[in-house]
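Peer 1: In the working numbering, the protein residues as written are 23 to 768.
Ideal Cβ positions, reconstructed from N, Cα and C, are used throughout, including at glycine.
Could you have a look at this structure, given as C-alpha cells, before my questions?
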RNA sequence: GGGCGCAUAGCUCAGCGGUAGAGCACUCGCCUUACAAGCGAGGGGUCACAAGUUCGAACCUUGUUGCGCCCA
C-alpha cells in the first residue's frame, strides 16, 4: 500500500486483538447477552473434525464431490422400508424413518416401528412435510445428532438425538465399528449391511454437494453440540431496512438483491469457536452451576472459570467502524467520524463483513437518530482481480501477480493506474502485463508532454488561474486573444472535469480513467500540442504567450485530475510545472467553460487533416515529405483562420513556380489541390475512392430506406427524421463527388 | 435443486431504443526537432441462438443454449 502511494493515516492502524478493540468486543457481547440476543444452545452446527471447531455457515465451502448413494432396507417383509443415504455410517445413530404425510406408498407404516439393522433397536416411522417424496425412495433415515434437517425433524417429532461420533469423526457407538474413522466406518457399515442382505442398490460414483472447511478443506461433519449463537432476526431486519430506506447506499445497486437475500433469511449466527486464538467468550461459570456474562469493567468472582471457547473473528471485525474510533467511550473521533462516509471493499465479503458491520453498527448506535446510526452511508463494492483471461488467480494455477514485482518493472503509477482503469463497480478486473505496459506508456506520455510544455516555456498565472478574463469567479469568457484551438481545449477540459467528477461520484473509476486517458493522450497530446507548435514557433510573441499560458493551465488541471490514480508521476511533473510543494494539497479542478463553436471548428479541422493524411498514406507519401498545395475556398469556411495550422500538420508548403495540380480533394468545404510532381498512384487512389463510394452508397441507401417508410416519418421524433434527412443529403453529395472524381481518374 | 448475473472485434471489456466503440494484439508507412515504451494510416464484428414488442432492437419481453457466481 505504501509503495502504491495509498494516502492513509497510518497512525490509526489497528488490530482486532488490540486492547481497545477487545474492550469493544466485551461491551457489545454483554449488551447482546443482556438483551437476550446471545444464547447458548445445543444445535447441529458445521464441525471441522480436523480443526476441532465449529464453523459458521459461510465458513463452509460447498463443492460437488463423488461419493456413493446406498439404498438400505430397514425392517422385513410387510414392515420394511428402503432408505437412501450418502453417509451410511450415520445409520448407527438413526432414531426414526420419515416419509411425506401424503405419500400413499408408506401410509401403512406411519405410526409403526421398523427394525434398525446392525443394532438391536426398533425405530418409529414418522410423517413429516419436509420429506421430498421424489428423492430416492421417498423415505429418509433420521439422524438428529448428525444432520441439520434430521435435527429439525427430530425436534418436531420429539425424537432423541443419538450421538455416534466424537469430535474427531471417530465412531463411538458401541459395537464392531467403535473406534473407526468416519470414512473407514462408511464402507465397513455398508459391507456389514450387504452381509445381511440389506443393501438394495448402490450408486457409485454419486456426485453430490459436500461441505468443506474453508480453512483446511476437510469434509465438514454436522455435529450436535453446545454452542453460542447470536439471535440475528431483529439485527438482520434493521440491517436490511437501512438499505431499503436508503440510509445506506450499495454500489452498484444490483448488489441489493444479494444483500436482501442474505439479511432477510439469515440463520442464527454461531459465534463460538473451539480455537486457542481469538477473543474469549466473556461468560464465567460458578462452582454451583451459575452462569454470568462479565462486562469489560467487571471482574469475575473468585474461583469461577471462563468459557473455553473464543469468538468467530468476524464478530470483532463487525465492530470495526466504531471500535477503531474508541467506542464504547464517547470519543471525539467517534463523534467526528461515525457514520463513516464510504466503505470500499470487495463484493466477496458483502456477507461476511458488510452485513455484520451493519447489524452491529445499528445495534451499538441505536441511541442515535436512525440516519446517524449506520456504520457507513455508502458501500462501494469492487470486483476481484483476475488474470489476463479472466480466470481466478490462484497459486496452484500459477497465474498470480506480485504487485511489488509490477511496481519494480512498470512503476507504482502504472500498477495503480492499471488497477483503477480496470475497475468497474461489482465486476471483476482482468489484468495483464500488457495492460501494465500500456499504463507505463501513458506515464511516459505525460512525462514527455510536460517536458514539451516546459521546454516551450509553459507558464501559469498566479494561483493557477485560467487564461482569459474575467480572472475571478463565475463562468469565464476567455479573452478574445485566445485562439480557437485554445478555446477548444479549454472547453474540452471543462467537460472532462465534469465527467470525471460525475464518474468518481459513482465509483466508476475505470470510466473516469478512460476519460482522462483519452483527453490527455488523444486530445491534448495528439492535437493541442501539435496545434500549439504553430504559434510557439511563429515569432508572434503575443500568440506564443497565450499558448504558453493555456498549455500550462491545461497541464496543471490535467495533472490534478490524474493525481489520485497516478500519484507519483503527477506530483513530480506538477511540482516541476508550478514550482509548488505538492499536487496533493492542490485544489480539485472546478474550471467551467464551454465553447461549442470552437469545438465544432476544431472537429472540422480534425476531419480535414485526417482525410488528407489518409490520402497521403494511401499515396505512399512519406510523412515528412513536403507537398506544395493550395487550399482553395478555405476563405469562406470556418477553417480560414487555421490555414497555417493545417499546413503545418500536413506538411503542405505554399505553391511555388510551376505549381501543377495533380490531385484535388474536396473536404469540409475546402478543395485541397496538391502537386505531387506528377506521380499520382492512380490505382491506389481509385481503390480509396471506390471504398469511400461504397460506404457513401450504403449510407445513402440506409437513410433513404428509412425515409421511404411512412411509419418512420410519421411516428419517429421529428429531430430523428431531420437528422436522417441530413444524413441522406450528405451521403448523396458524397456519392456524386466520388463518382465525379472516379470518372476524372479514368 | 433454488436465486442472481454474463454471452459485443483475436484477447480483456465499455455501450444498454435512433449511423457498432476502446485498450492490447494485427497490417502498412515513418528516426515528422516532447515522446520509436513513439507518430500517421489501415484491416477486423449477421452484438450467442430463436421468437415477440416497436416506425426502429446489441439495447426491452419470452424461450433456448453455453458459461460464471452466490446459496442449499
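#1: Go ahead and label residue 676 buried or exposed: buried means 16 or more other beta carbons lie within 10 angstroms of its beta carbon, across all protein chains shown.
#2: Residue 658: buried (16+ other C-beta within 10 angstroms of its C-beta) or exposed?
#3: Apart from the five residues just before and just after residue 758, which ones in its own chain have a Cβ nearer than 6 Å to its Cβ?
#4: If you reduce the DSSP assignment to three classes, tell me which class residue 496 lands in.
#5: Can you tell me whether residue 737 is helix, strand or coil according to DSSP?
#6: In angstroms with no decimal places, state the Cα-to-Cα distance between residue 383 and residue 395.
#7: Compute the Euclidean distance between the alpha carbons of residue 478 and residue 639, then round it to the nearest angstrom.
#8: Does the ligand SAM have a heavy atom nearer than 7 Å to the CB of residue 364?
#9: Under the DSSP definition of a beta bridge, which residues are partnered with residue 61?
#10: Once you ignore the five residues that flank residue 726 on each side, which residues in its own chain have a CB closer than 7 Å to its CB?
#11: Please look up how many angstroms separate the CB atoms of residue 111 and residue 245, rounded, as I've assumed it's under 8 Å.
#12: Which residues in the same chain have their Cβ closer than 6 Å to the Cβ of residue 227, if we skip the five residues on either side of it in sequence?
#13: Leaving aside the five residues before and after residue 550 along the sequence, list all residues of the same chain whose C-beta is less than 6 Å from its C-beta, in chain order.
#14: Compare the Cα-Cα distances from residue 525 to each of 143, 83, 273 and 183 and report the closest residue.
#15: Please state whether DSSP places residue 117 in a helix, a strand or coil.
#16: Using a Cβ-Cβ cut-off of 6 Å (strictly less than) and excluding sequence neighbours within five positions of residue 51, which residues of its own chain qualify?
#17: Report back the beta-carbon spacing between residue 690 and residue 629 to the nearest angstrom; my notes put them in contact at under 8 Å.
#18: Could you please give me the residues that DSSP links to residue 221 through a beta bridge?
#19: With DSSP as the reference, label residue 563 as helix, strand or coil.
#20: With DSSP as the reference, label residue 390 as helix, strand or coil.
#21: So what does DSSP say about residue 644, is it helix, strand or coil?
#22: Which residues in the same chain as residue 664 place their Cβ atom closer than 6 Å to its Cβ, once the five residues preceding and following it in sequence are excluded?
#23: Any idea if residue 54 is buried or exposed, counting beta-carbon neighbours within 10 angstroms, 16 or more meaning buried?
#24: What did DSSP end up calling residue 324 once you bin it into helix, strand or coil?
#25: How do the region 228-235 and the region 260-276 stand: do at least 3 beta-carbon pairs fall below 8 Å, yes or no?
#26: Taking its Cβ as the centre, do 16 or more other Cβ atoms sit within 10 Å of residue 39, making it buried, or is it exposed?
#27: Please say whether residue 68 and residue 47 have beta carbons closer to each other than 8 Å?
#28: Under three-state DSSP, which class holds residue 144?
#29: If you drop the 5 nearest sequence neighbours on each side, which residues of the same chain put their C-beta closer than 7 Å to that of residue 533?
#30: With a Cβ-Cβ cutoff of 8 Å, do residue 385 and residue 257 count as a contact?
#31: Which runs of the alpha helix (DSSP H) at least 4 residues long sit entirely within the region 486-553? Give them in chain order.
#32: Given that a residue counts as buried once 16 or more other Cβ atoms are within 10 Å of its Cβ, and exposed if not, what is residue 778?
#33: Straight-line CA distance for residue 197 to residue 142?
#34: Closer than 8 Å by C-beta to residue 643: which residues in its own chain qualify, once you throw out the five before and the five after it? Chain order, please.
#35: For the candidate residues 301, 92 and 155, whose alpha-carbon lies nearest to that of residue 212?
#36: On the DSSP letters alone, give me the boundaries of the beta strand (DSSP E) that residue 33 sits inside.
Peer 2: Inspection of the coordinates gives the following:
#1: exposed
#2: exposed
#3: none
#4: Summary for residue 496: the model assigns pLDDT 41, below 50, so the residue's position carries little reliability; its value from the coordinates is reported in the next sentence. Residue state, collapsed to three classes: coil.
#5: Note: residue 737 maps to helix in three-state DSSP.
#6: 7 Å
#7: The straight-line gap from Cα to Cα measures roughly 30 Å.
#8: The model on display carries no ligand, and the ligand SAM is accordingly not part of it.
#9: 251
#10: Around residue 726, the same chain offers 750 as residues with beta carbons nearer than 7 Å, after the five sequence neighbours per side are excluded.
#11: At roughly 14 Å, the Cβ-Cβ gap does not stay under 8 Å, so residue 111 and residue 245 are not in contact.
#12: 88
#13: 511
#14: It is 273.
#15: coil
#16: 304
#17: So it is a contact: roughly 6 Å between Cβ atoms.
#18: Paired residues: 94.
#19: helix
#20: coil
#21: In the three-state reduction of the DSSP assignment, residue 644 falls in the coil class, being assigned neither a helical nor a strand state.
#22: 627
#23: Its Cβ being crowded by 16 or more others within 10 Å, residue 54 is buried.
#24: coil
#25: no
#26: exposed
#27: Not closer than 8 Å, so no.
#28: strand
#29: 525
#30: The answer is yes: Cβ separation under 8 Å.
#31: 506-527 and 531-540
#32: Because residue 778 is not part of the residues shown, which for the chain are 23 to 768, the question remains open.
#33: Answer to the nearest angstrom: the Cα atoms are 11 Å apart.
#34: Setting aside the 5 residues that flank it on each side, residue 643 is surrounded in the same chain by 649 and 698, each with a C-beta closer than 8 Å to its C-beta; the list follows chain order.
#35: 92
#36: Taken as a continuous stretch (DSSP letters only), residue 33 belongs to no beta strand (DSSP E), as it is neither H nor E.
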